[in-house]
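First the structure, in the form of structure tokens, and then the observations on it.
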Ligand code: NAI
Ligand code: MG
């Protein structure tokens, strides 16, 4: 589709969002793919300007174009407006969060050669937003697990595995404690797994999974998780392959799909010109693949790997392991580093 022009909604976002968006735009231009960005403010920037963190025109643009690319949006902790990310997920029914997590060549990469695809249910569990103060000093939060959403996310994961020739899916749970909620999630995963005999299926309790990921991550191929565990474990995975600055994300929905880096607005480094644009660029590559521009996507990803592999032009977050190098020199095997 060499001459096709795509119209994409672009939300640069808060904090480091505008910086990494500018870098991303230059890389996309270099591939020659034709994109018209419909750029909008959202999140804190939109709130400050017009009093609404998710203006209707932004929703309209996404619904019209069906595809959006967004930078990180700032959400205050424990107060303030409701997370725009959660709102987008609910309104657009972005039910599947996909994070292909692959090692990049960098001194900050704990394990080279990792390639784990994380599939996270994106609409329910404890993020359903049902919290009540039952009486002073007692708060109740409800974890919602439904058969429909669990079957849907399991199907998404197994269909992805089939399409991308992945070998194994591990469903992550805490059904020993949450027997009903996580029990239902697991039952749905098993039911779907039976229809995909070519994909291996196993299960693991979430705390053990975290330990196994740190100690022996090569055993994993794809992880399938409900919303809360998915949020936490996917960041852990990012930490293994080079950090939040290098992992892309996609939110696939029934009404539209939103592609985004998994990191936040990084207020601690915003405006300093040191933010790593890799995650944003890889997310854009995922988006290009999704809209049928695979050649451009591959070009972009290869270019980034080449630059990172040269090790000359990297942002400070990727040099974070100088201390670990020192340990290794002393013969202490604190990290796995193969370059
Ligand atoms: P964060 O991801 O913004 O930052 C965590 C650490 O990683 C910081 O030290 C930061 O400097 C570093 N970091 C993140 N991205 C980086 C990049 N591209 N290059 C170099 N270093 C990078 O997470 P934090 O601090 O918990 O959240 C900050 C704000 O971002 C909050 O308001 C939060 O709600 C929001 N947030 C938004 C997300 C989104 O829009 N998808 C996701 C996560 C957080
Ligand atoms: Mg998160």
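Residue numbers (UniProt numbering): 2 to 340.
Cβ coordinates follow ideal geometry from the N, Cα and C atoms, glycine included.
Treat the numbers as computed from the prediction; the structure is a model and nothing was measured.
Practice prompt. Could you give the DSSP three-state label for residue 244: helix, strand or coil?
Written response: Counting from 1 along the chain shown, the entry for residue 244 is found at position 243. Reduced to three states, the DSSP call for residue 244 is coil.
Item to complete: May I ask you to list the residues that DSSP assigns as paired with residue 173?
Response: If you number the chain shown from 1, residue 173 lands on position 172. Beta-bridge pairing links residue 173 to 205.
Discussion item. Quick check on the DSSP output: what are the complete beta strand (DSSP E) runs of length 3 or more inside the region 255-309, in order along the chain?
Written reply: 258-262
Discussion item. On the DSSP letters alone, give me the boundaries of the alpha helix (DSSP H) that residue 51 sits inside.
Written reply: Along the chain shown, one-based indexing puts residue 51 at 50. Note, residue 51: alpha helix (DSSP H), 45-51.
Practice prompt. Locate the beta strand (DSSP E) running through residue 10, then write down its first and last residues.
Written response: Taking the first residue of the chain shown as 1, we reach residue 10 at position 9. First-last of the beta strand (DSSP E) with residue 10: 6-12.
Worksheet item: Among 159, 68, 187, which has the Cα closest to the Cα of residue 146?
Response: For the purposes of this step, residue 146 is identified with residue 145 of the chain shown, where counting begins at 1. It is 187.
Worksheet item: How is residue 340 classed by DSSP in three states: helix, strand or coil?
Response: Position 339 of the chain shown, counted from the start, is the residue given in the question as residue 340. In this predicted model, residue 340 has a pLDDT of only 29, less than 50, meaning its place in the structure is not dependable; the value taken from the coordinates is given anyway. Three-state result, residue 340: coil.
Item to complete: Just list the alpha helix (DSSP H) runs in the region 80-110, keeping only unbroken ones of 4 residues or longer that don't cross its boundaries, in chain order.
Response: 85-92
Worksheet item: Using the C-alpha atoms, what's the distance from residue 73 back to residue 266?
Response: Stepping through the chain shown from its first residue, residue 266 is reached at position 265. Stepping through the chain shown from its first residue, residue 73 is reached at position 72. Those two C-alpha atoms are separated by around 5 Å.
Fill in: Whole-angstrom distance between residue 252 and residue 207, CA atom to CA atom
In the chain shown, residue 207 corresponds to position 206, counting from 1. In the chain shown, residue 252 corresponds to position 251, counting from 1. If I take the Cα positions, the gap works out to 22 Å.
Practice prompt. Compute the beta-carbon to beta-carbon distance between residue 263 and residue 239, rounded to the nearest angstrom, for a pair I have assumed lies under 8 Å.
Written response: What you label residue 263 is simply residue 262 of the chain shown in a count that begins at 1. What you label residue 239 is simply residue 238 of the chain shown in a count that begins at 1. About 6 Å; that satisfies the 8 Å criterion.
Worksheet item: Who pairs with residue 251 in a beta bridge, going by DSSP?
Response: For the purposes of this step, residue 251 is taken as the residue at position 250 of the chain shown. Partner(s): 99, 260.
Worksheet item: Under the three-state reduction of DSSP, which class applies to residue 318: helix, strand or coil?
Response: Position 317 of the chain shown, counted from the start, is the residue given in the question as residue 318. Here residue 318 sits in helix by DSSP.
Worksheet item: How about residue 15: is its Cβ closer than 7 Å to a heavy atom in ligand 2?
Response: Position 14 of the chain shown, counted from the first residue, corresponds to residue 15. Because no heavy atom of ligand 2 lies under 7 Å away, the Cβ of residue 15 does not count as near it: no.
Practice prompt. Name, in chain order, the residues that DSSP records as bridge partners for residue 234.
Written response: Here residue 234 refers to the residue found at position 233 of the chain shown. In the DSSP output, where bridge partners are listed per residue, residue 234 has none listed.
Fill in: Beta-carbon proximity check, residue 105 vs residue 230, cutoff 8 Å
On the chain shown, residue 105 is found 104 positions in, with the first residue counted as 1. On the chain shown, residue 230 is found 229 positions in, with the first residue counted as 1. Result no, Cβ atoms of residue 105 and residue 230 do not sit closer than 8 Å.
Item to complete: Compare the Cα-Cα distances from residue 222 to each of 171, 97, 40 and report the closest residue.
Response: Here residue 222 corresponds to residue number 221 of the chain shown, with the count starting at 1. The option with the nearest alpha carbon to residue 222 is 171.
Worksheet item: Taking 7 Å as the cut-off, does the CB of residue 73 come closer than this to any heavy atom belonging to ligand 1?
Response: Counted from its first residue, the chain shown places residue 73 at position 72. It does: the Cβ of residue 73 is within 7 Å (strictly closer) of some heavy atom of ligand 1.
Discussion item. Here's the rule: buried if 16 or more other CB atoms are within 10 angstroms of the residue's CB, otherwise exposed. What is residue 101?
Written reply: Position 100 of the chain shown holds residue 101. Burial call: buried.
Practice prompt. Specify the secondary structure class of residue 149 as computed by DSSP and reduced to three states.
Written response: On the chain shown, residue 149 is found 148 positions in, with the first residue counted as 1. Residue 149 falls in the helix class under three-state DSSP.
Item to complete: Please determine, among 272, 43, 293, 142, the residue with the shortest C-alpha to C-alpha distance to residue 10.
Response: Start at 1 with the first residue of the chain shown, and residue 10 comes out as number 9. Comparing Cα positions, the closest option is 43.
Worksheet entry | Neighbourhood of residue 56 by C-beta distance below 8 Å, restricted to the same chain and skipping five residues each side | Along the chain shown, one-based indexing puts residue 56 at 55. Cβ within range, chain order: 41, 42, 43, 47.
Worksheet item: Would you report the Cα separation of residue 235 and residue 7, rounded to the nearest angstrom?
Response: Walking along the chain shown from the start, residue 235 turns up at place 234. Walking along the chain shown from the start, residue 7 turns up at place 6. When rounded, the distance between both Cα atoms is 30 Å.
Practice prompt. Name the two residues that bound the continuous beta strand (DSSP E) containing residue 36.
Written response: If you number the chain shown from 1, residue 36 lands on position 35. Residues 35-40.
Worksheet item: Count the other CB atoms within 10 Å of the CB of residue 324; is the residue buried (16 or more) or exposed (fewer)?
Response: Sequence index remark: in the chain shown, residue 324 carries index 323 (1-based). Reliability of the predicted coordinates at residue 324 is poor, the pLDDT of 43 falling under 50, and no value is obtained from them.
Worksheet entry | Neighbourhood of residue 174 by C-beta, 7 Å cutoff - its chain only, sequence neighbours within 5 removed | Along the chain shown, one-based indexing puts residue 174 at 173. Contacts found: 183, 186, 187, 204, 206, 207.
Item to complete: Evaluate residue 301 with the Cβ neighbour count: other Cβ atoms within 10 Å of its Cβ, from every protein chain shown; 16 or more gives buried, anything less gives exposed.
Response: Translated into positions along the chain shown, residue 301 becomes position 300. Residue 301 is buried by the Cβ-count criterion.
Discussion item. Since residue 118 and residue 168 should fall inside the 8 Å C-beta cutoff, what is the C-beta to C-beta distance between them, to a whole number of angstroms?
Written reply: If you number the chain shown from 1, residue 118 lands on position 117. If you number the chain shown from 1, residue 168 lands on position 167. About 11 Å; that fails the 8 Å criterion.
Worksheet item: Which of the three DSSP states, helix, strand or coil, is assigned to residue 136?
Response: Position 135 of the chain shown, counting from 1, holds the residue named residue 136. Note: residue 136 maps to strand in three-state DSSP.
Worksheet item: Helix, strand or coil: which one does DSSP assign to residue 115?
Response: Stepping through the chain shown from its first residue, residue 115 is reached at position 114. Coil at residue 115, not helix or strand.
Fill in: residue 200 - DSSP class collapsed to helix/strand/coil
As a first step, residue 200 must be located in the chain shown, where it is residue number 199. Three-state result, residue 200: coil.
Practice prompt. Would you tell me roughly how many angstroms separate the C-alpha atoms of residue 110 and residue 15, rounded to the nearest one?
Written response: Along the chain shown, one-based indexing puts residue 110 at 109. Along the chain shown, one-based indexing puts residue 15 at 14. Between residue 110 and residue 15, the C-alpha separation is close to 27 Å.
Fill in: Distance between residue 280 and residue 245 (C-alpha atoms, nearest Å)
For the purposes of this step, residue 245 is taken as residue 244 along the chain shown, with counting starting at 1. For the purposes of this step, residue 280 is taken as residue 279 along the chain shown, with counting starting at 1. Using only the alpha carbons, I get a separation of about 7 Å.
Discussion item. Which same chain residues end up closer than 7 Å to residue 334 when comparing Cβ atoms and leaving out the 5 residues on each side of it in sequence?
Written reply: If you number the chain shown from 1, residue 334 lands on position 333. In this prediction, residue 334 scores a pLDDT of 42, lower than 50, which makes its location untrustworthy; the coordinate-derived value is nonetheless stated afterwards. Hits under 7 Å: none found.
Fill in: Separation of residue 180 from residue 27, as counted between CA atoms
Within the chain shown, numbered from 1, the residue matching residue 27 stands at position 26. Within the chain shown, numbered from 1, the residue matching residue 180 stands at position 179. In a straight line, the C-alpha of residue 27 is about 50 Å away from that of residue 180.
Worksheet entry | Which of helix, strand or coil DSSP assigns to residue 335 | Reading the chain shown from its first residue, position 334 is the one you call residue 335. Note that residue 335 has pLDDT 37, beneath the 50 cutoff, so the model's placement of it is unreliable and the number below is only indicative. Residue 335 falls in the coil class under three-state DSSP.
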